[in-house]
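First the structure, in the form of structure tokens, and then the observations on it.
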Amino acid sequence: MNDQQLLRYSRHILLDEIGIEGQGKLLAAHALIIGAGGLGSPAAYYLASAGIGKITLVDNDTVDLTNLQRQILHTTARVGQPKAQSGKQTLEQINPEIDIVALTERAQDARLHELVRDATVVLDCSDNFATRHAVNQACVANKVPLVSGAAIRFDGQISVFDPRDADAPCYACLFPPDQQFEEILCSTMGVFAPLVGIIGTMQAAEALKLVAGVGKSLAGRLLLLDARSMEWTNIRIARNTTCVVCGH
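Structure representation (structure tokens):
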């Protein structure tokens, strides 16, 4: 690290759990963020400011006025612009020393596997089950840790699925792809603005911990937040040996 980097990241370096070595791991890491909306915005903010060396933002949507209530990567002046490009512009202003890649596309199949394979950690900040299952499958196949978050109305959830651990469950262990779950969209049901900030920021924290090797991740645990009462519920998740994605 040069003098500017030592100064920029000094408050991380002062932490015994991170130090010079841990910050070096962050600078060498590549975070893939699926979705540059409500969850992806705070997650990307903190990963960029913390010095993740490369961040790839994937989102095929454009900025809408209704997004600005919670999607803090974007501004009023960028309404109509691709979210990935708007996010890149914001993150480059926060930290011009890191590499930001903006992909205005819906990554699927082989393309998604290609992107996941190149990442150190993946953050699923999408808003639908189809994308979450596709990202989970790619992470399991390529043994890349996944930080998954979701938020709707006043309810949020976050967990880590780490296929590097043979005993850890995957997203499909929790939500089997052959079962029907109600798809609830914030466009019809609404979402409490700070809720996505809470969950997205926690996704960034879990991603940074995974990269730097700090503490214990949320693998094997699902945290549920009721923002009306600000109460958390901690649920243990077991690996499903008959899981269609990670089962033996």
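Per our numbering, the sequence shown runs over residues 21 to 268.
Backbone N, C-alpha and C fix where the C-beta goes; we use that ideal spot for every residue, glycine too.
Are the CB atoms of residue j and residue i within a distance shorter than 7 angstroms?
{"i": "G220", "j": "A63", "result": "yes"}
{"i": "I114", "j": "L194", "result": "no"}
{"i": "H32", "j": "A139", "result": "no"}
{"i": "N226", "j": "V180", "result": "The displayed chain sequence assigns Glu, not Asn, to residue 226. Yes, the Cβ-Cβ distance between E226 and V180 is below 7 angstroms."}
{"i": "K103", "j": "A68", "result": "no"}
{"i": "N156", "j": "R137", "result": "no"}
{"i": "A213", "j": "Q91", "result": "no"}
{"i": "P189", "j": "R259", "result": "yes"}
{"i": "I172", "j": "M209", "result": "yes"}
How big is the Cα-Cα spacing for residue i and residue j?
{"i": "I72", "j": "Q43", "result": "9 angstroms"}
{"i": "F174", "j": "V211", "result": "6 angstroms"}
{"i": "Q223", "j": "S237", "result": "11 angstroms"}
{"i": "L27", "j": "P116", "result": "15 angstroms"}
{"i": "Q200", "j": "R152", "result": "14 angstroms"}
{"i": "L123", "j": "T253", "result": "35 angstroms"}
{"i": "C263", "j": "L135", "result": "24 angstroms"}
{"i": "Q105", "j": "S168", "result": "23 angstroms"}
{"i": "V164", "j": "I54", "result": "14 angstroms"}
{"i": "D36", "j": "A48", "result": "19 angstroms"}
{"i": "F149", "j": "M21", "result": "40 angstroms"}
{"i": "I38", "j": "V234", "result": "7 angstroms"}
{"i": "E34", "j": "Y65", "result": "For the record, residue 34 in the displayed sequence is Leu; it is not Glu. Their Cα atoms are separated by approximately 21 angstroms."}
{"i": "Y29", "j": "T261", "result": "42 angstroms"}
{"i": "T110", "j": "A158", "result": "28 angstroms"}
Please report whether the beta-carbon of residue i lies at a distance below 7 angstroms from any beta-carbon of chain C.
{"i": "K163", "result": "Considering every chain present, this structure includes no chain C. It has just one protein chain."}
Between the Cα of residue i and those of the options, spot the shortest distance and give me the residue it belongs to.
{"i": "T82", "options": "N156, P116, A97, R137", "result": "A97"}
{"i": "L132", "options": "R259, V160, Q105", "result": "V160"}
{"i": "K45", "options": "G267, A70, I178", "result": "A70"}
{"i": "C266", "options": "D187, D198, L85", "result": "D187"}
{"i": "D129", "options": "L93, A154, L215, C263", "result": "A154"}
{"i": "L85", "options": "G100, L77, S249", "result": "G100"}
{"i": "R78", "options": "L52, L93, Y65, P189", "result": "According to the sequence provided, residue 78 is Val. The question's Arg does not apply to it. Nearest option by C-alpha distance: L52."}
{"i": "A170", "options": "A158, K163, I178", "result": "I178"}
{"i": "I40", "options": "L59, E134, A232", "result": "A232"}
{"i": "D147", "options": "G58, V167, D185, L243", "result": "G58"}
{"i": "Y191", "options": "G176, N80, A239", "result": "A239"}
{"i": "V121", "options": "A150, T76, Q105", "result": "T76"}
{"i": "P17", "options": "K74, I54, H268", "result": "In the structure as shown, the chain begins at 21 and stops at 268. Residue 17 is therefore absent and cannot be evaluated."}
{"i": "K74", "options": "I118, L245, V234, Y65", "result": "I118"}
{"i": "D185", "options": "K108, L166, L243", "result": "L166"}
{"i": "L243", "options": "R126, G176, G60, L111", "result": "G176"}
{"i": "R248", "options": "A127, G60, L215, S61", "result": "L215"}
{"i": "R126", "options": "N80, A158, K108, G107", "result": "N80"}
{"i": "G60", "options": "H94, E112, Y29", "result": "H94"}
Looking only at DSSP bridge pairs, what is residue i linked to?
{"i": "F181", "result": "L166"}
{"i": "H153", "result": "For H153, which the question treats as bridged, DSSP gives no partner whatsoever."}
{"i": "A171", "result": "G176"}
{"i": "T140", "result": "Answer by DSSP bridge pairing: none, since T140 is not bridged."}
{"i": "V160", "result": "For V160, which the question treats as bridged, DSSP gives no partner whatsoever."}
{"i": "K124", "result": "Lys is not the amino acid found at residue 124; the sequence shown has Thr there. DSSP output for T124 lists no bridge partner at all."}
{"i": "L77", "result": "I53, A122"}
{"i": "D246", "result": "D175, E251"}
*Pair every Cβ in the region 227-238 with every Cβ in the region 138-152, then say whether three or more of these pairs are closer than 8 angstroms.*
Of all C-beta pairs linking the region 227-238 to the region 138-152, three or more are shorter than 8 angstroms, placing the two stretches in contact.
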